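Engineer: Heads up: the sequence shown begins at 1323 in our numbering, then just goes up one per residue.
Ideal placement from N, C-alpha and C gives every residue a C-beta, glycine not left out.
Small disclaimer: the values here were computed from a predicted structure and weren't measured.
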Amino acid sequence: MREDSPMEYNRITLAVITKLQAIVGEKYVWTDEEKRIPYGRDEGTFTVPLLPDVVVLPETAEELAAVVALANEAVIPVIPRGTGTGLEGGALVDGRGGILVSTERMNRILEINEEAMYMVVEAGVITETIQKEAGKRGLLYAGDPCSGDSCCIGGNGATNAGGNRAVKYGTTRDQIYALEVVTPTGKIAQLGKRLHKMTAGYPLEKIVVGSEGTLGIITQLTIKLVPLPKATAHVLAVFPSAEQALSLVTALPKAGITPTCLEFMDYDVIEVVGAWLDEKQNCPKGGAYMIIQLDSQSDDGLDDDCVAIDDICHTLGAVEVFMADAEKVWKARKAFTEASAADCPVAAMEDFVVPPDKLLPFMTELKSVGEATGVLFRGVSHAGDGNIHLDLLRKGFTDEADECRRIAAFEDKACEAAYRLGGAISGEHGIGQARKALFEKYTDPVELELMKALKRAWDPKGILNPGKIFD
Ligand SMILES: Cc1cc2nc3c(=O)[nH]c(=O)nc-3n(C[C@H](O)[C@H](O)[C@H](O)COP(=O)(O)OP(=O)(O)OC[C@H]3O[C@@H](n4cnc5c(N)ncnc54)[C@H](O)[C@@H]3O)c2cc1C
């Protein structure tokens, strides 16, 4: 077999099903099509359901390890799944079938330590539950994907989920001290420690985070908590142009201000969201909003930053800067996905990331790419960390083949621009199976080969989430 050739896998037999039932109990091994259907989709734009051969729901790391050991022995793909809110087909089979392992029964909070500010949780705990439990104790779990009410912490770890607060607190990787992981050969590994510094070998927990279920299945996480901010403020700055709004991205850090969130909405998005919510928006034609959230342990610190932000925004040409109602601004920002889809069907969703100082040149290039390919798009940006989400609209194509060709051309040109500017194809959603061709095309070949070598070393039979990130 060539080093890069796809593995041959075995299909699931009755004998394998019987063994799975012996491990987790008959009740938690699902082969009925009706029960498998929800596991054949995620929240991305895949149109045809990709059904696993069987869905297995272990309750403990030991059960899960036994399932993986069995699959490794029998050379059958294993697809880890949290709650399936992923957008890139990472939690779906890829046409070669396999055992889908759901962590939904592994949903216990095992420890909350208020003194040392950490929590130990199983992979299937819903992210919002963690945030609420921390909040009740005056603590903050800073991971904050917009899907927090429905995704789970294991999925967040596997995708290195970002979200609105990543500007200040970082992504999920920054919230994790340690992981318990089931390896592709079915062993249980303890990776990382609850330490603030450690130079003792490779930080393997950091590699598993963001590996999209290809190196190990996360079963338990030790996560960091911080004191809940005592004061929060939301500033809405209205700019006459997107260019002026985006210049805030570099101006704030240069002034020594680290916002918790810095979100960008351009005129098209503001209009679509306004229509969807039936709320008039006060933005001049062609203008843009910047939502700036700040938090602090004292009102004084916050007041100083708000005064400085007001000054900076006006210097950059803002037509209006005001303290906004938190609920109202977030309602508008979070309505984007639904409002956009209601206005026009979405053909593809993008998640580019560039260095924050390159956001403006990247957006300018995206306009040219749209014009050159005839693809209409709209997007919002976690501007503070250079991450931009685009909806490519299903509008103006002559037929399906025309749509596929022009969307592919847009994605290729946009990707080329992102990488040329020092960026990447995904800031937080991952590669899954949807983006691997472009990922392989634009990633440094030596870096890609090292990733493939790592995968071969961890998973010699290639059973764990095959066909994801790369082939
Ligand atoms: C409305 C909406 C808003 C969103 N907002 C954000 C956002 O702000 N930021 C962001 O980053 N993402 C966002 N997402 C994407 C998605 O919610 C995240 O990627 C999330 O982390 C996925 O978690 P999940 O539990 O649903 O994982 P799944 O979708 O089930 O799985 C995602 C990937 O992780 C793997 N995986 C899942 N659990 C494990 C495990 N225990 N061990 C190993 N691998 C595992 C799967 O194999 C798959 O590759 C959004 C999605 C939607 C629909």
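Quick check on this structure: which residue in 1715, 1480, 1706 and 1424 has the alpha carbon closest to the alpha carbon of residue 1752?
Structural biologist: 1480
Engineer: When DSSP builds the beta bridges, which residues end up paired with residue 1430?
Structural biologist: Partner(s): none; residue 1430 has no beta bridge.
Engineer: Could you check which residue in 1526, 1346 and 1371 has the C-alpha nearest to that of residue 1419?
Structural biologist: 1371
Engineer: Is residue 1331 near residue 1398, with beta carbons less than 8 Å apart?
Structural biologist: In contact: residue 1331 and residue 1398 (Cβ atoms closer than 8 Å).
Engineer: For residue 1661, which residues of its own chain have a beta-carbon under 6 Å away from its beta-carbon, when the five flanking residues on both sides are left out?
Structural biologist: 1594, 1595 and 1598
Engineer: So, residue 1474 versus residue 1449, is the Cβ gap smaller than 8 Å?
Structural biologist: In this structure, residue 1449 lies closer than 8 Å to residue 1474 by Cβ.
Engineer: When every heavy atom of ligand 1 is checked, does at least one fall within less than 7 Å of the C-beta of residue 1409?
Structural biologist: yes
Engineer: Once the 5 residues before and after residue 1621 are set aside, which same chain residues still bring their CB inside 6 Å of it?
Structural biologist: 1553
Engineer: With three or more C-beta pairs closer than 8 Å as the rule, is the stretch 1726-1737 touching the stretch 1680-1697?
Structural biologist: yes
Engineer: Compare the beta carbon distance of residue 1494 and residue 1531 with 8 Å and say whether it is the shorter of the two.
Structural biologist: yes
Engineer: Check whether the stretch 1742-1761 and the stretch 1516-1524 touch, using three or more Cβ-Cβ pairs below 8 Å as the test.
Structural biologist: Too few Cβ pairs lie closer than 8 Å, so no.
Engineer: Checking 8 Å against the spacing of the C-beta atoms, do residue 1643 and residue 1632 come in under that value?
Structural biologist: At a Cβ-Cβ threshold of 8 Å, residue 1643 and residue 1632 count as neighbours.
Engineer: Taking the beta carbon of residue 1359 as the centre, do at least 16 other beta carbons fall within 10 Å, making it buried, or is it exposed?
Structural biologist: exposed
Engineer: Which residues in the same chain have their Cβ closer than 7 Å to the Cβ of residue 1528, if we skip the five residues on either side of it in sequence?
Structural biologist: Cβ within range, chain order: 1495.
Engineer: Based on the DSSP output, what are the partners of residue 1792 in its beta bridges?
Structural biologist: Residue 1792 pairs with nothing; no bridge assigned.
Engineer: Along the beta strand (DSSP E) that carries residue 1596, what are the first and last residues, could you check?
Structural biologist: Not the beta strand (DSSP E): residue 1596 falls in the alpha helix (DSSP H), residues 1589-1599.
Engineer: How many Å lie between residue 1361 and residue 1373 at the Cα?
Structural biologist: 7 Å
Engineer: With H, G and I counted as helix, E and B as strand and the rest as coil, what does DSSP make of residue 1751?
Structural biologist: coil
Engineer: If you measure between the beta carbons of residue 1709 and residue 1668, is that distance less than 8 Å?
Structural biologist: The answer is no: Cβ separation not under 8 Å.
Engineer: Less than 7 Å separating the Cβ of residue 1394 from some heavy atom of ligand 1?
Structural biologist: Outside the cutoff, so no.
Engineer: Any heavy atom of ligand 1 closer than 7 Å to the beta-carbon of residue 1670?
Structural biologist: no
Engineer: What does DSSP give as the partner residue(s) for residue 1401 in the beta ladder?
Structural biologist: 1422
Engineer: Leaving aside the five residues before and after residue 1434 along the sequence, list all residues of the same chain whose C-beta is less than 6 Å from its C-beta, in chain order.
Structural biologist: 1441
Engineer: Residues in the same chain with beta-carbon distance under 8 Å from residue 1401, minus the five sequence neighbours each way, listed in chain order, please.
Structural biologist: 1374, 1413, 1414, 1415, 1420, 1421, 1422, 1423, 1535 and 1787
Engineer: Relative to ligand 1, is the shortest distance from any of its heavy atoms to the C-beta of residue 1790 smaller than 7 Å?
Structural biologist: yes
Engineer: Hey, would you say residue 1838 sits closer than 8 Å to residue 1430, going by beta carbons?
Structural biologist: In this structure the chain extends from 1323 to 1793, so residue 1838 is not present and cannot be described.
Engineer: Following the continuous alpha helix (DSSP H) through residue 1686, name the residue where it begins and the one where it ends.
Structural biologist: 1681-1695
Engineer: With DSSP collapsed to three states, give me the class of residue 1639.
Structural biologist: In the structure shown, residue 1639 sits in coil (DSSP, three-state: anything other than H, G, I, E or B).
Engineer: Would you check if there are 3 or more beta carbon pairs closer than 8 Å linking the stretch 1676-1687 to the stretch 1635-1642?
Structural biologist: no
Engineer: Under DSSP, the beta strand (DSSP E) around residue 1440 begins and ends at which residues?
Structural biologist: 1440-1444 is the extent of the beta strand (DSSP E) around residue 1440.
Engineer: Drop a sphere of 10 angstroms on the beta-carbon of residue 1347, count the other beta-carbons inside from all chains shown, and report buried for 16 or more, exposed for fewer.
Structural biologist: Its Cβ having fewer than 16 others within 10 Å, residue 1347 is exposed.
Engineer: DSSP on residue 1331, reduced to helix/strand/coil?
Structural biologist: Note: residue 1331 maps to coil in three-state DSSP.
Engineer: Between residue 1609 and ligand 1, is the CB less than 7 Å from at least one heavy atom?
Structural biologist: no
Engineer: In the DSSP assignment, what residue or residues form a beta bridge with residue 1554?
Structural biologist: Residue 1554 has 1617 as its beta-bridge partners, per DSSP.
Engineer: Examine ligand 1 and report whether any of its heavy atoms sits within less than 7 Å of the Cβ of residue 1402.
Structural biologist: yes
Engineer: How about residue 1714 and residue 1666: do their beta carbons lie closer than 8 Å?
Structural biologist: no
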